[in-house]
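Q: Numbering (full-length UniProt numbering), first residue to last: 1 to 127.
Glycine included, C-beta positions come from ideal geometry on N, C-alpha and C.
For clarity, every value in this text was computed on a predicted model and none was experimentally measured.
1) Give me the Cβ distance between residue 67 and residue 35, rounded to the nearest whole Å; I'm assuming they're in contact under 8 Å.
2) Since residue 20 and residue 55 should fall inside the 8 Å C-beta cutoff, what is the C-beta to C-beta distance between them, to a whole number of angstroms?
3) Closest to residue 129 by C-alpha separation, out of 82, 63 and 81, would be which residue?
4) Distance, Cα to Cα, residue 99 vs residue 9?
5) Would DSSP call residue 82 helix, strand or coil?
6) Rounded to whole angstroms, how far is the Cβ of residue 78 from the Cβ of residue 97, which I believe are closer than 8 Å?
7) Helix, strand or coil for residue 65, going by three-state DSSP, please let me know.
8) Give the single residue among 23, 69 and 14 whose Cα lies nearest to the Cα of residue 44.
9) Output the boundary residues of the alpha helix (DSSP H) element that contains residue 108.
10) Residue 48 to residue 18, Cα distance in whole Å?
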């Protein structure tokens with residue numbers, strides 16, 4: 001974990017866990033710092049750390065601001081946010097995934113469909 005990122009997040013105006021109205025400028029700064037940070041998904045983007053599901057938008061806004069190469073690392077995470085169509089971030093997550101190259105998404109989607117099939121979870125496939 002980066003002390004700089006941690007110190008920023010302690011400030012309300014950067015606090016991705018509780019502040020649902022972070023400015024674009026501050027999100028840009030966080031995205032730039034988090035892009036340099038290795039393995040930050042579990043550390044900073046763990047949905048369980050967030051006060052509400054509405055704060056998850058901060059994760060999406062940050063990922064959206066990263067380079068495409070770095071965005072690729074978040075495909076599995078984004079797909080997890082599609083588990084429930086009632087979640088407030090569902091539609092925005094879909095729109096973010098649509099911005100990816102289909103060839104980059106295909107291996108992940110195939111894996112998930114096979115897993116759903118093997119787990120006899122065809123209902124998930126049909127949604």
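A: On the basis of the data shown:
1) Approximately 7 Å separates the beta-carbon atoms of residue 67 and residue 35; this is inside 8 Å, confirming the contact.
2) Here residue 20 really is in contact with residue 55; their C-beta atoms are around 6 Å apart, less than 8 Å.
3) Examination of residue 129 is not possible in this model, given that the chain is present from 1 through 127 alone.
4) Going from the Cα of residue 99 to the Cα of residue 9 covers about 28 Å.
5) Coil, per DSSP.
6) Indeed, because the Cβ distance is near 6 Å, the residues count as touching under 8 Å.
7) Looking at residue 65 - three-state DSSP - the assignment turns out to be coil, as it is neither helix nor strand.
8) Closest option to residue 44, Cα to Cα, is 14.
9) Taken as a continuous stretch (DSSP letters only), the alpha helix (DSSP H) holding residue 108 covers 102-118.
10) Rounded to whole angstroms, residue 48 and residue 18 show a C-alpha spacing of 12 Å.
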